[in-house]
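**Student:** Protein chains in written order, with this note's numbering: chain A, 1 to 252; chain B, 1 to 258. Idealized CB from N, CA, C, for every residue including glycine.
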Amino acid sequence: MIEFKDVTFLFAPARDTVPIIENLSLTFPKGEFHVVLGPSGCGKTTALNLLAGFETPTTGSVIVDGRPVTQPGPDRTVIFQGDDSLYSWLTALENVEFGLSVRGMPRKERREKAQLYLRLVGLVGHEGKFPDELSGGMKQRVQIARALACDSPILLLDEPFGALDAQTRSILQGELSRIWEETRKSIFFITHDITEAIILADRVSVMHAGPRSRIKRTFDIEMERPRSPADPAFSHHYKIISDCLAAEVQAL
Amino acid sequence: MLLRSKMLSQNWMKALLLPVPVIGFLLLWEFASRSFGVPQLFPDPKTTGQTFLELLRSGVLLSDAEVSLARIAAGFMLGSVIGIGLGLLCTVSWVAASLLSPYINFLRFISGVAWISIFMVWFGIGETSKIVLIAYTVAFTVALSAFAGLSEIKLAHLRAAAMFGATPRQVFIGVRIPTLIRSVITGMRLSLGNAFLVIVAAEMVQADSGLGFSIIAARNFLAPDIIFAVMLVIGLLGFLADRGFVALSRSMLNRYSR
């Protein structure tokens, strides 16, 4: 069980008086693909950072399996927005190995595991390349591979496909969906793209516009995977979520 | 990345164009020399070229270049070690970084050239003062680059390491040191160029050998053709040193230059 319990967060408590998120509460069970949808500046990245342990709540707490989150850890691996979280001095393979070497895995074992996961995300033949030799989509795949290699039960994704072209985005959404179905990890995914949310999520939480934001409403997506925008159920979900979100976007 | 692959495909075009600025430069020089009208004061390319060959044949050029390069090499190595040491110290200890920061940020504006006279008083008029001078300028540039690199370390890099559960020591070895190496390489390359600038100035102030000294000697003998020839040699040596450094750092430490 992953829980945000009445979380309020101010970036600089000494200076700011207005919290970006206020009394935000959200719960989702293990194994769920949970998407948080919201307009720009609504605090969704903040919520992710709090779950990741990169920040601590000003009041309230984030609880994972009954224990409050106080710092980052290998049980909650993050796939960052953009492409600068990969280490530029390491090859794709070495980047995937990094998390494993931190844990003291022996060389041969981590090499094999890293190669396995790079194969899984479709990067065979690119293991020896450096990040500056990889496209945006490939770099995101490396991030996914290194996150999966850590075997963390919870994955946090911060608009990971935002900077990619529509085709690559679509392909990676499909791959992520497939990986989730195979591994049943808990996934906390944030985006501002409604279509993406419906394609991926078990449940979608829409946030209010910031500041003082919290969850407005949570929707169940009960559709079979893989999901297609052509499906009439898809447009139904799209409409109700879009109406919910539109009110917030107008508030900006 | 797009920029680089575009540039690669235009390499052959760039090679083709290379003679153009060189020839243009020579033509401009010839034109300027003729317009000036007094060849004894403003020699043309041909005269300079002949002087250059003479100096080369007589061995003077070679021995001057050797002396200057030896000073640069010694100062560069000493300065690099000091600069890297300072960079490492600041990586390890934020206290040291805070304490050193004002010095580095203030003293950097006082160029090595300003220190020439003082260093001569302190270290004598021999090789030591010149090597110290170069080491000073190199150490500063390298330390400054290290500083800049460390303060610009990416938050995403640190966060990624943290989420993997890295200990502070693992973050140091796995993230901070590679970042430091990168900045140090940049700083060293920059400082190599500075070293050439400084040594010529130093040799002009006081020396009995070296390329800078030759320029002053030529001035005293009213031989601008020698001055021009030596200037070209300095430019060429500096260029080759820079290219050599880049080639070396790419072959040995390629991953830190990305």
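1) Can you name the residues that DSSP bridges to A:I187?
2) Work out the CA separation of A:R169 and A:W180 for me, nearest whole Å.
3) Can you give me the start and stop residues for the beta strand (DSSP E) that A:S25 sits inside?
4) Looking at the C-beta of B:F239, does it have a partner C-beta in chain A at a distance below 8 Å?
5) Please identify, using Cβ separations under 8 Å, the residues of the segment 68-79 of chain A that lie next to chain B, in order along the chain.
6) Counting only beta-carbon atoms, is A:V36 nearer than 8 Å to chain B?
7) Mind checking who A:V78 pairs with in its DSSP beta bridge?
8) Kindly provide the ranges of any alpha helix (DSSP H) runs that are 4 or more residues long and lie completely inside the segment 90-135 of chain A, ordered along the chain.
9) Going by Cα to Cα distance, which pick from B:I181, B:V200, B:I153 is closest to B:V81?
10) Check for me: the beta strand (DSSP E) holding A:S257 runs from which residue to which?
11) Helix, strand or coil for A:D6? Go by DSSP, reduced to three states.
12) Taking the alpha-carbon positions, what's the B:A114 to A:Q140 distance?
13) For a contact defined as C-beta to C-beta under 7 Å, what are the partners of A:A52 on chain B?
14) Considering just the uninterrupted stretch of the beta strand (DSSP E) at B:D225, what are its terminal residues?
15) Considering just the uninterrupted stretch of the alpha helix (DSSP H) at B:F140, what are its terminal residues?
16) Using 8 Å as the threshold, is the C-beta distance between A:E127 and A:I63 below it?
17) Using a Cβ cut-off of 7 Å, pull out every chain B residue sitting near A:S88, in sequence order please.
18) Pairs of beta-carbons, one from the segment 214-231 of chain B and one from the segment 49-69 of chain B, closer than 8 Å: are there three or more?
19) Could you check whether the Cβ of B:R255 sits closer than 8 Å to any Cβ belonging to chain A?
20) Output yes or no for whether 8 Å exceeds the beta carbon distance between A:A52 and A:P74.
21) Could you check what DSSP says for A:R217 in three-state terms: helix, strand or coil?
22) Of all Cβ atoms in chain B, is any one closer than 8 Å to the Cβ of A:F98?
23) What number of angstroms, rounded off, separates the C-alpha of A:L176 from the C-alpha of A:I194?
24) Below 8 Å on C-beta distance, what does A:S85 contact in chain B?
25) Could you check how far apart the C-beta atoms of B:P45 and B:W29 are, in whole angstroms? I think they sit under 8 Å.
**Tutor:** The relevant details are as follows:
1) Note: A:I187 is bridge-paired with A:F33, A:L155 in the DSSP secondary-structure output.
2) When the Cα atoms are used, A:W180 and A:R169 turn out to be separated by approximately 16 Å.
3) In the DSSP assignment, A:S25 falls within the beta strand (DSSP E) that extends over 21-28.
4) Not an interface residue.
5) So the list reads Q71, P72, G73, P74, R76, T77, V78, given in the order they occur along the chain.
6) Not one chain B Cβ lies under 8 Å of A:V36.
7) Partner(s): A:L156.
8) Listed in chain order, they are 92-102, 107-120.
9) Nearest C-alpha to B:V81 among B:I181, B:V200, B:I153: B:I181.
10) Beyond the ends of chain A as shown, which are 1 and 252, falls residue 257 of chain A; an answer cannot be given.
11) Reduced to three states, the DSSP call for A:D6 is strand.
12) Roughly 51 Å between the two C-alpha positions.
13) Contact of A:A52 with chain B by beta-carbon distance below 7 Å involves M163.
14) No beta strand (DSSP E) contains B:D225, which is instead part of the alpha helix (DSSP H) from 224-252.
15) Per DSSP, B:F140 belongs to the alpha helix (DSSP H) from 127-151.
16) No. Outside cutoff.
17) Near A:S88 (Cβ distances below 7 Å), the residues of chain B are R258.
18) Under the Cβ criterion (8 Å, minimum of three pairs), the segment 214-231 of chain B counts as touching the segment 49-69 of chain B.
19) It does; some Cβ of chain A falls within 8 Å.
20) Taking 8 Å as the Cβ cut-off, A:A52 and A:P74 do not qualify as a contacting pair.
21) Residue state, collapsed to three classes: strand.
22) With 8 Å as the cut-off, A:F98 counts as an interface residue toward chain B.
23) Those two C-alpha atoms are separated by around 17 Å.
24) Ordered by position in chain B, the residues that pass the 8 Å Cβ test against A:S85 are K154, A156, H157, R159, A160.
25) About 5 Å separates the two Cβ atoms, so the contact holds.
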